[in-house]
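A.B. asks:
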Amino acid sequence: MALLKKGGEDISTEYLGYVNPDYLQTLALKVKPLKERSYELMHLQTGHRVIDIGCGSGMDTITLAEFVGPTGKVIGVDTDTQMILTANNKAKEAGVEDWVIHEHYDAMSLPYDSNYFDSCRTERLFQHVLNPENVLSEMVRITRPKGWLVAADTDHSTLSIDNSVVDIEWRMRRFRTDKFKSGYVGRQLYRLFKQQNLADIIVEIFPFFSTDYALTRYFALLDEAESEAITTGIITKEELQHWHANLEQADEKGVFFASFTMILVAGRKIF
Ligand SMILES: C[S@@+](CC[C@H](N)C(=O)[O-])C[C@H]1O[C@@H](n2cnc3c(N)ncnc32)[C@H](O)[C@@H]1O
Numbered sequence: 146m147a148l149l150k151k152g153g154e155d156i157s158t159e160y161l162g163y164v165n166p167d168y169l170q171t172l173a174l175k176v177k178p179l180k181e182r183s184y185e186l187m188h189l190q191t192g193h194r195v196i197d198i199g200c201g202s203g204m205d206t207i208t209l210a211e212f213v214g215p216t217g218k219v220i221g222v223d224t225d226t227q228m229i230l231t232a233n234n235k236a237k238e239a240g241v242e243d244w245v246i247h248e249h250y251d252a253m254s255l256p257y258d259s260n261y262f263d264s265c266r267t268e269r270l271f272q273h274v275l276n277p278e279n280v281l282s283e284m285v286r287i288t289r290p291k292g293w294l295v296a297a298d299t300d301h302s303t304l305s306i307d308n309s310v311v312d313i314e315w316r317m318r319r320f321r322t323d324k325f326k327s328g329y330v331g332r333q334l335y336r337l338f339k340q341q342n343l344a345d346i347i348v349e350i351f352p353f354f355s356t357d358y359a360l361t362r363y364f365a366l367l368d369e370a371e372s373e374a375i376t377t378g379i380i381t382k383e384e385l386q387h388w389h390a391n392l393e394q395a396d397e398k399g400v401f402f403a404s405f406t407m408i409l410v411a412g413r414k415i416f
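The sequence shown begins at 146 in the working numbering and counts up one residue at a time.
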């Protein structure tokens, strides 16, 4: 069913399959400290015009609306029309739809004037694009001089799970990271910000851990990664059984442990 209009035309509203709003909501609770710090680093003020690129279902835009108030403007953009629809409904429910709008655009080419926004944020988008440097360059273009840019992303190679079949774990980690278009981008953010000549760069690391096996499988999308790893011959069915048995045993004993890090980088445009 097409419920979103663009340029007067109905467009399809299928989730593109990155993740769905329930997943984003569950993960948002886990990464709350990172989200809150990202808002701080945007140096938000009443009346500011701000943008969240790859906004998903609006986990951040509604909060940003409270910071800038009705005299400001919050724009969220995403390529997933179903996410945009969900985010716009959330804005309505929150009563902020007059100054919060979610639009269907690709981060690689944004329709906004240069120097238009006071600050610009993005979270867990770069991992899904082939050329994060091009997206960052667009972010720099649309941010005004002295405005702040904030990006948070995962270095998927940091997913570490306590187990005793580490050879299988290493292959799975590599495979899972390579499945993303830019699975290592968290560790690249500092370089990308420097290459854009951004000033006052701040880097912060957010470590997360989980002792919940089921939740870790859900967050890390392990079912999908494992079945693709089998299909592509990265691991055998026997190895998968061995891996599962190892993790299930840890879970039964109440000693399951996994961790990963996210990286948050902020910088100011001075030109
Ligand atoms: C992991 S989700 C993160 C959503 C949101 N930033 C959050 O923290 O809840 C990544 C989002 O990026 C969007 N996305 C992927 N490629 C994109 C692109 N080229 N332009 C804009 N959005 C994109 C996806 O549709 C998805 O909603």
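We treat Cβ as the ideally placed atom computed from N, Cα and C, and that holds for glycine.
Going by DSSP, name the residue or residues bridged to L409.
C.D. replies: A297 and E349
A.B. asks: With distances taken between CB atoms, is the gap from P277 to V330 smaller than 8 Å?
C.D. replies: yes
A.B. asks: So for F262, helix, strand or coil by DSSP?
C.D. replies: strand
A.B. asks: Cutting at 6 Å between CB atoms, please list the residues of its own chain near G192, excluding the five before and the five after it.
C.D. replies: T216 and G217
A.B. asks: As a quick exercise: from K398, L270 and F354, pick the residue whose alpha carbon is nearest that of K175.
C.D. replies: Checking every option, the nearest Cα to that of K175 belongs to F354.
A.B. asks: Out of D197, K326, S327 and E349, state which residue places its alpha-carbon closest to the alpha-carbon of Y335.
C.D. replies: E349
A.B. asks: From V400 to A359, what does the alpha carbon distance come to, in whole angstroms?
C.D. replies: Spanning the alpha carbons of V400 and A359 requires a straight line of approximately 13 Å.
A.B. asks: In the DSSP assignment, the alpha helix (DSSP H) including K177 goes from what residue to what residue?
C.D. replies: K177 to L186
A.B. asks: Are there three or more Cβ pairs, one per stretch, closer than 8 Å when the region 357 to 373 is compared with the region 277 to 291?
C.D. replies: no
A.B. asks: Would the beta-carbon of I198 fall within 8 Å of that of V280?
C.D. replies: yes
A.B. asks: Roughly how many angstroms separate the alpha carbons of R194 and I347, rounded to a whole number?
C.D. replies: 22 Å
A.B. asks: Take I246 as the anchor and find which of T208, M253 and S282 has the nearest alpha-carbon.
C.D. replies: T208
A.B. asks: Answer yes or no: the CB of G201 versus the heavy atoms of ligand 1, is any distance below 7 Å?
C.D. replies: yes
A.B. asks: Here's a check: name, in chain order, each residue in its chain whose Cβ is nearer than 7 Å to the Cβ of D368, leaving out the five neighbours to either side.
C.D. replies: R362
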